[in-house]
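Please read the structure below before turning to the comments.
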Amino acid sequence: MTSDEQPRGLKAGALKGGDVVILALASSGPTQSVAVTLAVLLATVAYASFLPLVICFLPMLGIAVGYQRLNAWQPSAGATYSWVGRALNPHAGFFAGWIMLMYYTIGTTSLTIPLGTYTLSFFSNAAANNTHDVALVGTVLNLVVLAVAALGVKLTARFQWVWALFEYGLLVGFTVAALGLIYGVQLAHSVHMSASWFTISGAGGFKALVSGVLLAVFLYSGWDTAAYVTEEAHGQQAGRAAITSVVLLFGIYTIAILALQGIAPEHVMHANAANILAYVGQRIGGSFWRHLMIVAVLGGTLASLQAAIVSSSRISFAMGRDGVFPRWFGVVSERYRTPWNATILLGLLNVVFLWASTLIGSIGKALGDIVATLGLMAAIFYLLTAATAIWYYRRVITENTGNLMLGGVLPGIGAAFMAFVIIYTVATGALNTVEIGTGFGFALLGIVLSVVSQRVGRSDFYADPTTSYGDAAAEDLAVRGPV
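Right, here's the structure in full:
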């Protein structure tokens with residue numbers, strides 16, 4: 033295939049609406065996300081975890097509406113990269129794509145390491161604490177989900193459905209059991225809900241609450257996977273799935289965290305932070321339920337890792353198809369209709385990061401600093417998406433009440449909220465200088481790479497962003513210009 037040939041497309045219509053929702057939920061990974069953030073939330077806002085979750089809900093819903101409207105304009109695997117590049121500025125689009133790739137690639141290091149730890153904990157505590165054994169097992173499991181992702185998006189969806197039914201069913205079951213034990217049977221040393229759980233003072237003040245909001249952004253993030261598989265979904269299912277995913281995540285997180293955080297006093301939960309859901313399972317039902325919860329967390333982590341590979345490969349595929357990345361990234365498997373090269377490369381890159389962070393302390397520290405900024409990175413590309421949705425539809429926002437709410441107010445709330453979180457977090461030192469410097473340093477590298485891409489690759493995307501891939505309806509809209 034020459035550099036001027038259009039790469040073969042992804043498998044259109046392979047996913048139904050439910051498949052897209054499951055992929056979005058898997059990317060957010062409720063069980064895995066609760067496992068890594070429950071103790072951190074308690075340390076940040078004490079028992080007032082409901083506040084950051086509910087505060088974050090409306091802005092996230094507004095951003096999801098923005099995704100739906102932009103997806104109706106141009107269904108593209110590049111999503112925010114394509115939308116920002118076409119509607120605002122090509123370099124801003126490249127930057128958005130780069131930020132999303134960082135989020136879904138480097139961020140998966142925080143998923144791959146627990147895979148080995150959780151798996152080995154079934155057999156030997158010594159092995160679970162051996163970094164080489166953890167890296168080896170993490171590598172094997174990473175390659176398994178990579179193979180599934182490469183062999184077709186339908187196979188990926190089936191894998192996700194199996195884990196989703198088990199994972200969410202178990203999480204709901206544990207939530208109900210926790211509520212029953214705390215308020216029915218009076219579980220010893222449990223903590224009952226009080227009015228302070230829903231106040232700013234109960235959260236430790238406004239600054240602590242905003243730090244909790246940043247954690248909530250991280251908890252919700254991932255639902256945008258629905259947009260990256262839009263070219264493989266039926267009709268406009270991806271846009272609706274994004275909104276559905278945000279609503280479901282709100283319900284899952286608020287109820288589960290409110291129930292599970294009261295299973296033991298705060299200091300005890302902190303003491304078991306490294307394996308907190310396993311401890312919750314032990315408290316609720318003994319050793320069998322402890323191990324069952326570990327399996328659920330392990331499965332949720334696998335599902336999240338696979339969804340991250342799916343997301344990052346679609347974003348880089350779209351950038352390769354447009355020529356802002358090497359066109360090698362835009363190659364699609366003739367047999368499986370997946371972005372073959374991008375999927376394999378990014379999946380293997382996860383393994384490289386895993387071993388680098390295990391064997392080389394300085395690299396592990398740098399990756400850890402970047403992971404600490406993941407919520408901030410998510411806020412950046414959500415802000416760009418919401419702002420683009422408002423800008424693109426700016427001329428019809430005031431035509432009627434529906435357009436005003438869906439095209440202006442809701443995305444506007446989302447954009448303003450994310451802008452506030454970014455500015456306040458940086459200004460108040462919620463992240464340390466090293467974390468900000470490392471995270472933003474890698475992010476700003478995207479601007480440099482965009483300039484290099486423009487001069488070396490000479491992609492039409494920089495001269496005429498409307499050349500970014502879209503279906504016939506999207507291209508017709510592009511010809512007529514922004515509404």
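Residue numbers (our numbering): 33 to 515. All C-beta atoms, glycine included, are put in the ideal place defined by N, C-alpha and C. A quick note: this is a predicted structure, and the numbers were derived from the prediction, not measured.
Can the beta-carbon of residue i be found less than 8 angstroms from the beta-carbon of residue j?
i    : j    : result
F238 : A80  : no
S253 : S60  : yes
G444 : Y425 : no
A259 : A350 : no
G170 : T140 : no
T420 : W193 : no
A182 : I422 : no
L405 : L481 : Looking at the sequence shown, residue 405 is not Leu but Thr. No. Outside cutoff.
L246 : T69  : no
V72  : A235 : no
A310 : I326 : yes
S108 : T262 : yes
F206 : I287 : no
G407 : V249 : yes
N103 : A270 : yes
L83  : L241 : yes
L197 : S65  : no
P91  : G446 : yes
A411 : V342 : no
A475 : I138 : no
Distance, Cα to Cα, residue i vs residue j?
i    : j    : result
G331 : W195 : 6 angstroms
R512 : T498 : Residue confidence is low: R512 scores 34 on pLDDT, short of 50, so the model does not pin down where it sits. No coordinate-derived value is stated.
R118 : Y136 : 22 angstroms
L18  : A128 : Residue numbering for the chain in the displayed model covers 33 to 515; residue 18 lies beyond these limits and cannot be assessed.
I479 : H123 : 7 angstroms
D256 : G469 : 26 angstroms
L168 : N174 : 10 angstroms
E37  : R190 : Per-residue confidence for E37 stands at a pLDDT of 42, beneath the threshold of 50, marking its modelled position as unreliable; the derived number appears in the next sentence. E37 and R190: Cα-Cα distance of roughly 33 angstroms.
W372 : I347 : 13 angstroms
Y368 : E264 : 12 angstroms
A418 : C88  : 14 angstroms
I95  : V217 : 42 angstroms
L392 : M134 : Note on identity: in this sequence residue 392 is Ile, with Leu being the wrong assignment. Their backbone Cα atoms lie some 20 angstroms apart in a straight line.
V177 : I289 : 28 angstroms
G125 : S156 : 47 angstroms
W321 : N307 : 14 angstroms
V279 : V488 : 43 angstroms
Q314 : A296 : 11 angstroms
L334 : I232 : 36 angstroms
G41  : V363 : 9 angstroms
I275 : F357 : 30 angstroms
N162 : Y494 : 48 angstroms
D165 : L203 : 29 angstroms
L55  : L85  : 21 angstroms
G49  : T370 : 19 angstroms
L509 : G148 : Low per-residue confidence applies at L509: pLDDT is 33, beneath 50, and the placement is therefore not dependable enough to give any value.
A291 : V223 : 10 angstroms
F472 : L219 : 46 angstroms
N432 : G294 : 46 angstroms
M225 : L57  : 28 angstroms
R282 : L386 : Residue 282 is actually Phe in this sequence, not Arg. So the alpha carbons of these two residues sit roughly 31 angstroms apart.
L380 : A160 : 23 angstroms
Using the beta-carbon count (16 or more within 10 Å), is residue i buried or exposed?
i    : result
G212 : exposed
F413 : buried
E199 : buried
D354 : buried
V484 : exposed
G352 : buried
F361 : buried
V52  : buried
L152 : buried
A459 : exposed
N382 : buried
S228 : exposed
I214 : buried
T430 : exposed
When DSSP builds the beta bridges, which residues end up paired with residue i?
i    : result
A181 : Partner(s): none; A181 has no beta bridge.
L47  : A265
For my contact list, residue i and residue j are in at a C-beta cut-off of 8 angstroms; report their separation, rounded to the angstrom.
i    : j    : result
M450 : L415 : 4 angstroms
A46  : K186 : 5 angstroms
V329 : Y150 : 6 angstroms
Q338 : T465 : Their Cβ separation, rounded to whole angstroms, is 34 angstroms, which puts Q338 and T465 out of contact at 8 angstroms.
L378 : S345 : 5 angstroms
V97  : L442 : 5 angstroms
R272 : Q100 : 7 angstroms
Is the closest heavy atom of the ligand FMN to the C-beta of residue i under 7 angstroms?
i    : result
A495 : For the ligand FMN, the structure offers nothing, since it holds no ligand at all.
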